[in-house]
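For reference, the structure discussed in these notes is given below.
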Amino acid sequence: MALDQVFLDNLLATNKQKGVTWQAGPTSLLNLSAPERKARLGYVPGPGEPTLPERERTASLAYQPTGAVTAGPQSTYPLTWDWRNVGGNNYISAIKDQGSCGSCVAFGTAATLDGSARVVRKTPVNSVFGNAMQDLSEAQLFYCGAEGQDGRTCATGWWPASALNYAQVTGVAPESYFPYEAGDQPCRLNAGWQTKLTTLNQSGYLTTPVAMKQWLATRGPLIACFSVYADFYGYSSGVYRYNGSAPYEGGHCISVIGYDDNQQAWLCKNSWGTGWGMGGYFLIGYGQCGIDAGMWSIISFSRIESEMPAGISRALGVITVDGGRPYAFVEGTDGNVWVDYWGGSAWYWANQGRPSGVAVSSTVGATTVDGGRPYLFVQGSDGNMWVNWWSGSAWSWSNQGKPDGTAIAGAVGAITVDSGRPYAFVKGGDGNLWVNWWSGSAWSWSNQSKPQGATIVESVGAITVDGGRPYAFVKASDGNLWVNWWSGSAWSWSNQGQPSGAGIASAVGAITVDGGRPYAFIQGSDGNLWVNWWNGSAWHWSNQGRPSGAGIASAVGAITVDGGRPYAFIHGSDGNLWVNWWDGSAWHWSNQGTPPGVGITSAVGAITVDGGRPYVFVKGSDGNLWSNWWGSGAWHWTNQGGAA
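Per the numbering used here, the very first residue in the sequence shown carries number -18; after that it's consecutive.
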């Protein structure tokens, strides 16, 4: 239908006569017929609730204008609030269009649930992990809840209390499990929806503007319902106030996402598409049309469906896939393995689960096979080693068992040999080094024995030299660094000794430089960083010193940049991330600082992306995973999420 120009002209004339200050214009609603417009109004009061006229009277009497603009009683809430911009973060998902169906209660409820869940999980839409949470299904709420549970239809509407009850008793699946289309239809959720629910635990009802503003400024959006008069269809911008002449149309439900005491108005998210109002949003004056007679709040959730862990327990390993895509594996507080990975254009979290009937006890290491297939090795609570691996089309968990006649006592590391053969090194309960390796056709456990006259104390790291020769570095009970390495025809143990005048205190990591030169970094008993490295003809120990004004608190990891430049990252005693790096002619220590406003609690690991860009992952004191990475000529800190 073409624009209802007669309606618009009459509205503009009336508003001018009445001295209305908000702007009317050719909105998308004015392209609809009068019945189609009215069909979008689907709020009806529930049993025992005030009628719409009663809500209007309550709002107009109960709301007391502040007169001079203030920041609220005793400044208990700020002057303005907008959940689309809280310190640069947007917690409100995109505007939707309910079409010609009275399903506004489902849309207002879903929008408020979604925004509240994002606030609880600290998952802004515009963050790198914003897509970890999916929009909730308005179709499920309305066609399964309103129609299936309460016998309501597009023509008869619904009420928020029942919608919230459905979200509490049944839960709401992501939109992908039941995409919305306007028009009465049966409940038809896609298979598996029961495992993907966001479930409400408790909701509330606020009856004073002060309580509403305090909630909005601290907890999240609210659901509100109000009387719609015909002039509202033509709203374009400004603060809507009923012009006093337009006829009554019906009840409508929306999500309130903020307020503005300067303009004495509530900021709301509508469900009439972006062609109406201010890109789908609107401001409505305090006390207008019953908007603030009462608002429904989301107090707590029983479960929030999110492709992101609610918390991080520990690091499991980091790798680079396809040369340029970081993967960081962690164990979530739910006991599952999670991976934070770069999909090529955005970051994603994926839940890898855990071995069937088994908990994850510790990590062994992660590696990339054939350039593009991640393998994560862990030790299970059953004592076996398990691998979570990508076949190229699906993820699987495989039980690798344990060394013959002994248990797994500790991890050494995982590597890939000849680009396609994984090797996972562990310390056995017998004190020997063992490797679980893929020959190309079968898995085997091999006993690598132990250093002569000594036992293995801890891992330093495992690497691949010249593409096909494994090297596993360990600290032994004699205090020396030892390496178990493959010459191309035989395995050998070599004693690398220890730094001159210093013992080995702890491991930092091992890398391969220029494809064929091993470097093993350790912290010496003198507090300095040391490296045991091969120059092409002989082994050397080099003292790398320590950060200026700080000691080495713990290791983060070591990598090779541009094929030939080592970088060793450590967590300094000053709380900062530091890197000891080679520029091609000299070594330097650089202070990488900490995530903005956040401390570093533990290391996750370091990798090289696209051959020349370091990425370092740490867990922050806020519980989130953070990355410190190099790009566009500068270092950056990015919050990867992972904390509720």
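Just so you know, even glycine gets a beta-carbon here, dropped at the ideal spot from N, CA and C.
Top-ranked residue by Cα proximity to residue i, from the options
i    : options                    : result
Q269 : F282, G292 and Q245        : Q245
A75  : V86, Q149 and N112         : N112
A347 : N369, S427, A327 and G338  : N369
A491 : I540, I485, G532 and W472  : I540
H552 : G574, T93 and Q333         : G574
A142 : A388, A87 and V302         : A87
S400 : G23, D447, E30 and D459    : D447
D459 : I485, Y452 and S473        : I485
A172 : V318, A144, E156 and N(-9) : E156
Q433 : N413, T445, T493 and N620  : N413
C249 : R527, S287, I280 and F207  : F207
G382 : I396, M366, G391 and G394  : M366
T90  : H617, A227 and P202        : P202
G505 : K456, I265, E128 and W415  : K456
L181 : A227, V311, M193 and L117  : L117
S337 : W378, R38, Q149 and S374   : W378
A163 : Y147, V150, G225 and C85   : C85
Span separating the alpha-carbon of residue i from that of residue j
i      : j      : result
Q79    : Y124   : 13 Å
G410   : G96    : 51 Å
T582   : A291   : 17 Å
T(-5)  : G612   : 57 Å
R102   : S342   : 26 Å
S571   : I503   : 18 Å
T2     : L145   : 36 Å
G185   : I279   : 6 Å
P190   : I235   : 17 Å
D363   : V318   : 16 Å
L558   : P528   : 10 Å
T93    : I204   : 6 Å
P16    : T57    : 44 Å
E30    : Q(-14) : 38 Å
L(-16) : N251   : 21 Å
V512   : N332   : 37 Å
W330   : D321   : 5 Å
T619   : W610   : 8 Å
S81    : P105   : 30 Å
A423   : V398   : 14 Å
N516   : T301   : 26 Å
A211   : Y229   : 6 Å
Secondary structure of residue i, DSSP reduced to three states
i     : result
C125  : helix
A549  : strand
V339  : coil
C85   : helix
A15   : helix
A113  : helix
S97   : helix
N251  : coil
K600  : strand
P34   : helix
L606  : strand
N620  : strand
G305  : coil
N365  : coil
A(-6) : helix
L297  : strand
K77   : coil
T47   : Because the pLDDT of T47 is 48, which lies under 50, any placement of that residue in the model is unreliable, and the question is left without a value.
Q631  : Since the displayed the chain opens at -18 and closes at 625, residue 631 lies outside it and no answer follows.
I541  : Before going on, a small fix: residue 541 reads as Thr here, not Ile. DSSP places T541 in strand when its eight states are reduced to three.
A587  : strand
L60   : coil
S9    : helix
D131  : helix
E288  : coil
T39   : helix
K(-1) : helix
T387  : coil
Rounded distance between the beta-carbons of residue j and residue i, thought under 8 Å
i    : j    : result
L11  : Y214 : 6 Å
W140 : Y24  : 7 Å
G83  : R18  : Their Cβ separation, rounded to whole angstroms, is 12 Å, which puts G83 and R18 out of contact at 8 Å.
P403 : A395 : 7 Å
V599 : V585 : 6 Å
Minimum Cβ-Cβ distance from residue i to chain B less than 8 Å
i    : result
W323 : Going by chain labels, chain B is absent from the structure shown, which holds only one protein chain.
Which ranges does the beta strand (DSSP E) cover as unbroken runs of at least 3 residues, wholly within the segment 460 to 523, from first to last along the chain? 462 to 467, 472 to 478, 485 to 494, 498 to 505 and 510 to 515
Counting only runs that start and end within the segment 140 to 227, where is the alpha helix (DSSP H) found for 4 or more residues in a row? 141 to 150 and 190 to 197
I'd like the ranges of any alpha helix (DSSP H) spanning at least 4 consecutive residues and lying wholly in the segment 417 to 463. none
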